[in-house]
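Participant: Numbers in the working numbering are just positions in the sequence shown, counted from 1, shifted up by 1308. The C-beta atom is built at its ideal place from N, Cα and C for all residues, glycine as well. First the structure, which I've put down as C-alpha cells, then a few questions once you've had a look.
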Amino acid sequence: MKRPLLLLVLALSVLLTGCRVTITPGTVSFNARFGIELSPVIQLFEPTRGSGATYVVGDSIAFRILTDRSGYITLSAIDPDGTVYVFARNIFVRGGEVTTISGVDSRTIFTLQPPRGLHRVRAAFTPSQTNTATFSYQSVRGDDNWTRIIVSEVRPYDVRDIAETRFFLE
C-alpha cells in the first residue's frame, strides 16, 4: 500500500515541476507559471461558493479575490467548448482586503449561461489598467491561445500575477 502511494507522489512531483500547489484543510490552490515570471500578488481567487462549486444556468456568480497590493484585475474564462472570453476588465481591488467581484460595476451581476460543464476562470493582476484596445480575446479558442493572450497582456508590467479557479455549470 505504501509503495503505490510513494509512486503516485513521485509522479505528481515530476508533473508539477514549476508549479506551486498549496493544500490546507478543505482547499487546494494551484498556481502554474505561464511562461513569464509572476509576482505572488494574488492570495485568494475563487467563486463565492468555493472553487469547483456547482451552479445551474441562470444562477448569479461572484468571485472573491485578495491581493497583497492595490491594482487592477481582468477576469477571463474558457468554456467547456474551448471558447475564451473576457467578462470583466480593469476592476480595481484594494490590497489587503477581500474584494467580491459580482459584476463589471455596482449595477450589474454575472449571470451564468450555457454551455454546461467545467468553466475555468483566470484573474490577471496588473498595477495599472490594461489597454483594452491592444488585446482582444475575440475569436480566441483553446487553452494555449488563452494562456498566450493573457501573458501578452500582463508582460509589460513589472508586477503581475495570474490565478485560476473553476466551477461547474449544470
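(1) At a cut of 8 Å, does the region 1411 to 1426 reach the region 1362 to 1381 through at least three beta carbon pairs?
(2) Of the residues Ile-1458, Phe-1433, Arg-1428, which one's Cα is nearest the Cα of Leu-1477?
(3) Whole angstroms is fine: what's the gap from Arg-1468's alpha carbon to Phe-1443's?
(4) If you drop the 5 nearest sequence neighbours on each side, which residues of the same chain put their C-beta closer than 8 Å to that of Arg-1474?
(5) Taking only three categories from DSSP, how would you classify Glu-1405?
(6) Should Ser-1414 go down as buried or exposed, given a rule of 16 or more other Cβ atoms within 10 Å for buried?
(7) Less than 6 Å between C-beta atoms, sequence neighbours within five positions excluded: which residues of the same chain meet that for Leu-1374?
(8) Give me the Cα-Cα distance between Ser-1378 and Pro-1423, rounded to the nearest whole angstrom.
(9) Whole-angstrom Cβ separation of Tyr-1445 and Val-1394, contact assumed at under 8 Å?
(10) When we look at the beta-carbon of Thr-1335 and count the other beta-carbons within 10 Å, is it buried (16 or more) or exposed?
Facilitator: On the basis of the coordinates in this document:
(1) yes
(2) Arg-1428
(3) About 16 Å.
(4) Within the same chain, Cβ atoms closer than 8 Å to the Cβ of Arg-1474 are found at Ser-1359, Gly-1360, Leu-1426, His-1427, Arg-1428, Val-1429, the five residues on either side in sequence being excluded.
(5) Three-state DSSP puts Glu-1405 in coil, outside helix and strand.
(6) The C-beta of Ser-1414 has fewer than 16 other C-beta atoms within 10 Å across all chains shown, which makes the residue exposed.
(7) Answer for Leu-1374: Gln-1351, Leu-1352, Val-1406, listed in chain order.
(8) 34 Å
(9) Going by Cβ atoms, the distance from Tyr-1445 to Val-1394 rounds to 5 Å, so yes, they are a contact pair.
(10) Any answer about Thr-1335 is weak, because its pLDDT of 41 lies below 50 and its placement is not dependable; what the coordinates show is given next. Result: exposed.
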